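Protein sequences, first through last, are from chains H and X. Note that UniProt numbering numbers the first sequence so that position 90 is 90, with each residue one more than the last. Note that UniProt numbering numbers the second sequence so that position 27 is 27, with each residue one more than the last.
Number of protein chains: 2
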Amino acid sequence: MTLKELAERLGLSPTTVSRALNGYPEVNADTRARIVAAAREYGYRANTMARKLATGRSMAIGHVIPLSAHQMINPIFAEFMAGASEIYSSEGYETLLSAVPQANEVQTYRELARRRSVDGLIVHTPRLDDPRVDLLRELGLPFVVHGRSVDIDEDRPVYLDINNRRSFEFATNYLIELGHRRFALLNGIETISFARRRRFGFEQALDAQGLRAPASRMVNMEMTETNAYDVTCAWLREPQPPTAILTSSTISALGVARAVRDAGLELGVDVSLISHDDDLSFMANEGDPPPFTVQRSSVRDAGAKCARMLIDHIAGKKVSSEIWDCEFIEGRSTGPAPKET
Amino acid sequence: MTLKELAERLGLSPTTVSRALNGYPEVNADTRARIVAAAREYGYRANTMARKLATGRSMAIGHVIPLSAHQMINPIFAEFMAGASEIYSSEGYETLLSAVPQANEVQTYRELARRRSVDGLIVHTPRLDDPRVDLLRELGLPFVVHGRSVDIDEDRPVYLDINNRRSFEFATNYLIELGHRRFALLNGIETISFARRRRFGFEQALDAQGLRAPASRMVNMEMTETNAYDVTCAWLREPQPPTAILTSSTISALGVARAVRDAGLELGVDVSLISHDDDLSFMANEGDPPPFTVQRSSVRDAGAKCARMLIDHIAGKKVSSEIWDCEFIEGRSTGPAPKET
DNA sequence: GTGAAAGCGCTAACAT
DNA sequence: ATGTTAGCGCTTTCAC
Chain H
1 MTLKELAERL GLSPTTVSRA LNGYPEVNAD TRARIVAAAR EYGYRANTMA
51 RKLATGRSMA IGHVIPLSAH QMINPIFAEF MAGASEIYSS EGYETLLSAV
101 PQANEVQTYR ELARRRSVDG LIVHTPRLDD PRVDLLRELG LPFVVHGRSV
151 DIDEDRPVYL DINNRRSFEF ATNYLIELGH RRFALLNGIE TISFARRRRF
201 GFEQALDAQG LRAPASRMVN MEMTETNAYD VTCAWLREPQ PPTAILTSST
251 ISALGVARAV RDAGLELGVD VSLISHDDDL SFMANEGDPP PFTVQRSSVR
301 DAGAKCARML IDHIAGKKVS SEIWDCEFIE GRSTGPAPKE T
Chain X
1 MTLKELAERL GLSPTTVSRA LNGYPEVNAD TRARIVAAAR EYGYRANTMA
51 RKLATGRSMA IGHVIPLSAH QMINPIFAEF MAGASEIYSS EGYETLLSAV
101 PQANEVQTYR ELARRRSVDG LIVHTPRLDD PRVDLLRELG LPFVVHGRSV
151 DIDEDRPVYL DINNRRSFEF ATNYLIELGH RRFALLNGIE TISFARRRRF
201 GFEQALDAQG LRAPASRMVN MEMTETNAYD VTCAWLREPQ PPTAILTSST
251 ISALGVARAV RDAGLELGVD VSLISHDDDL SFMANEGDPP PFTVQRSSVR
301 DAGAKCARML IDHIAGKKVS SEIWDCEFIE GRSTGPAPKE T
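Right, here's the structure in full:
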């Protein structure tokens, strides 16, 4: 069933039918009602391709993610997509997923732009000196960054970021207040800009109290359980092991927890652990629910927000970047710091 | 740069240029060379929407996945998509992702069909009595099922499945040979057809040796670490605990491993554990690499294969379903069964 | 081997 | 408030 056919059956012109169905105001209410009824009756749906060609808009949002799968396995990514998808479909957008090897990344964006496959893009997990921002600007494609790619001149791209610095500062302060003095930070690789900000927050909080963590206790690694396990084991074998460990993903938190247990120590008594997973954060001792939740500003909400920002951006509306603060949700303590030995 | 513009610059008709660029045979070799050169020079790319409209093909493959995120978090899904994506892009297809609440599933497929948004679909994680197969057939959309939805009359939809029954039979036999007699099965919920086949394989192997697992030792649960931990703890507290546990996901395997350790037992000595994660399977004791790999028939390959099958299917080629057998890759034992007590 | 012309199904000026 | 007319950029008969 095409628009033309529908129009013929109604004895109207395709134009009127199109207008009625697309909610243009200048259509007689009765006519519109008739048209809408007929459309439903015949199960008419506009052919997307025709519409796209005519309007020049693809009504699709692109997500280019590295094929390494590290990204896609990430529960954070899934949550983000869930939030974004909801907005997309409510606004009539489709989701175009490009899983490509990191090496083809630039080429993929170029192709997407040339073929006009998407109206806009979300940039995930910005890296330091990320080429994508400039690239997309050059290509003239609207985009929203989830995170911040640049430190100076932050306001140029539209972005939504979680205040990673502040949440780590906050968490560190919390542990300081509990009496901890020997800290360690198990962080992601610092090419991801999230990771660097987290370290800043951590160092800042320690600094303010005249404390510091030695370089050997601020580790940048790929966030796997095994890595976290190994590093933590090494720390715990040292003569003055850390009593407070901060890390930045659920996965690594599991490794830390295992190492603590295997060292014959108890989590929440001998060692306090705070994990801040990308945007979804909690203080992970054992138990469910976790005894202490840093925030649940919810990646899902972030996904929805980014989607909305992008759609507005595409529509030419003025959108401003946002930085979301983390909230501590449940204040249950993880137990006091151990006595100084 | 449009086709028309390019044609004008070359002093040719759009028709010829189109034919040359699309590899039609009836174009003079020289003309074609000129055209191709010019196209590259000007960076010409055909507008996908126009092409889509003209050909009636959307050049997109749809993946509808439940918003519950359980699916998307799944590393298996990520691997599958990685494999499929590679084929898609090499064949000029794009990936359309629809993350929708399970409740809107049917509606989503209908919409996709009516709007002609995709040329075909991959059906993930078929359930028992899955409505999608009949629905898609009704809608006339080509599709390939990853897994099998129906037991009887299996050959109707095009599918690619891993032989789950056989891999569990195999794994169970392996444990029987090691001397185990007390078995337990930690399985997914049986509305997922994978899960049921796994149980069949497990029971079949036991049966053949005159063994059986009591109903209380064949549990269907959502595959979370916590669930697995709890169930295993309960089992291990019983007077005659199982010495061999089979489970069907990496996540649940972690829970089992933790429970075994917490019970003061040793994995690979007191309890043998085999995990078969969706399609990516291994025998999980502690350590890396796992001491015993059931298979790595590789979900990625499966993704690529499904993609290829679907594309052929769309092209009208005859495709037949496949069932892939698992292979045991490394035969290192997990240690003997404990003495009967 | 090449081109002219007619769509694909829709939207958007521009009438009326 | 409705219709007429042109496209959108490409593919594809059908002539030559």
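All C-beta atoms in this analysis are idealised placements derived from N, C-alpha and C, irrespective of residue type, glycine included. A quick note: this is a predicted structure, and the numbers were derived from the prediction, not measured.
Item                                                                                                                                                                                     : Value
Identify the contact partners of R115/X in chain H, using a Cβ-Cβ distance below 8 Å as the criterion.                                                                                   : R45, A46, N47 and T48
Taking 8 Å as the threshold (beta carbon to beta carbon), is K52/H in contact with chain X?                                                                                              : yes
May I ask you to report which of helix, strand or coil DSSP gives D301/X?                                                                                                                : helix
Which two residues bound the contiguous alpha helix (DSSP H) that contains I189/H?                                                                                                       : Premise fails: I189/H is in no alpha helix (DSSP H) and is neither H nor E.
If you follow the beta strand (DSSP E) that G120/X is part of, which residue opens it and which one closes it?                                                                           : G120 to V123
Between the alpha carbons of E169/X and Q204/X, how many angstroms are there, rounded?                                                                                                   : 7 Å
Distance check for L10/H and Y44/H, CA to CA, integer angstroms please.                                                                                                                  : 13 Å
What residues in the stretch 87-100 of chain X bring their beta carbon closer than 8 Å to a beta carbon of chain H?                                                                      : S89, E94, T95, L96, L97, S98, A99 and V100
Taking DSSP as the reference, what is the three-state secondary structure of V133/H?                                                                                                     : helix
Which residue wins for smallest C-alpha separation from D312/X, given the options Q107/X, L139/X, L121/X and S18/X?                                                                      : L121/X
Say whether the stretch 92-105 of chain H touches the stretch 57-68 of chain H, bearing in mind that this needs 3 or more beta-carbon pairs closer than 8 Å, one atom from each stretch. : yes
If you run the structure through DSSP and keep just helix, strand and coil, what is G62/H?                                                                                               : strand
So, with DSSP's three-state summary, where would you put residue 371/X?                                                                                                                  : The structure shown does not extend to residue 371/X, since chain X is modelled only from 1 to 341, so the question has no answer here.
Just confirm the distance between the C-beta atoms of E307/X and Y88/X, as a whole number of angstroms; I'd bet it's less than 8 Å.                                                      : Correcting the residue type first, residue 307/X is Ala in the shown sequence and not Glu. 6 Å between Cβ atoms; contact.
Do the stretch 216-234 of chain H and the stretch 256-274 of chain H touch if we need at least three Cβ pairs shorter than 8 Å?                                                          : yes
So, is N109/X buried or exposed, given that buried needs 16 or more other C-beta atoms within 10 angstroms?                                                                              : Before going on, a small fix: residue 109/X reads as Tyr here, not Asn. Y109/X is buried by the Cβ-count criterion.
With which residues is I311/X paired in a DSSP beta bridge?                                                                                                                              : According to DSSP, which records beta bridges pairwise, I311/X is partnered with nothing at all.
If we count Cβ pairs, one from each stretch, closer than 8 Å, do we get three or more for the stretch 28-35 of chain X versus the stretch 47-57 of chain X?                              : no
Could you pull the start and end residues of the alpha helix (DSSP H) that L6/H belongs to?                                                                                              : L3 to L10
Hey, out of L21/H, L128/H and A113/H, whose CA is closest to P142/H's CA?                                                                                                                : A113/H
Going by C-alpha to C-alpha distance, which of N220/X, R181/X, L267/X and Q209/X sits closest to I192/X?                                                                                 : N220/X
Of all Cβ atoms in chain H, is any one closer than 8 Å to the Cβ of A82/X?                                                                                                               : yes
Rounded to the nearest angstrom, what separates N47/X and D129/H at their Cα positions?                                                                                                  : 32 Å
I'd like the list of long-range same chain contacts for I152/H, defined as Cβ closer than 8 Å, with 5 residues on each side in sequence excluded.                                        : Confidence is the limiting factor: at I152/H the pLDDT is only 44, short of 50, which leaves the residue's position unreliable, though a coordinate-based value still follows. Closer than 8 Å at the Cβ level, and outside the excluded window around I152/H, lies no residue.
Can you list, in chain order, the residues of its chain whose CB lies under 7 Å from that of P242/X, leaving out five sequence neighbours each side?                                     : R182, F183, A184, R217 and W235
If I'm right that H146/H touches A39/H with Cβ under 8 Å, what's the distance once you round it to whole angstroms?                                                                      : Actually they do not touch by this definition, with Cβ atoms about 37 Å apart.
Under a CB-based cut-off of 8 Å, is T2/H close to chain X?                                                                                                                               : no
At 8 Å on the CB atoms, spell out the chain X contacts of L67/H, in chain order.                                                                                                         : A82, S85 and E86
Quick check on DSSP: helix, strand or coil for D325/X?                                                                                                                                   : coil
Taking the C-alpha atoms as reference points, what is the distance between P157/H and V27/X?                                                                                             : 47 Å
Considering only DSSP beta bridges, list what L273/X is partnered with.                                                                                                                  : I245/X
Between R212/H, G264/H, E222/H and A213/H, which has its C-alpha nearest R237/H's C-alpha?                                                                                               : G264/H
Could you check whether N164/X and R132/X sit closer than 8 Å to each other, using their CB atoms as the reference points?                                                               : no
Starting from N173/X, follow the beta strand (DSSP E) in both directions and report where the run begins and ends.                                                                       : N173/X -> not in any beta strand (DSSP E); alpha helix (DSSP H) instead, spanning N164 to E177.
Where does the unbroken beta strand (DSSP E) through E94/X begin, and where does it stop?                                                                                                : E94 to V100
Quick check on M221/H: does DSSP put it in helix, strand or coil?                                                                                                                        : coil
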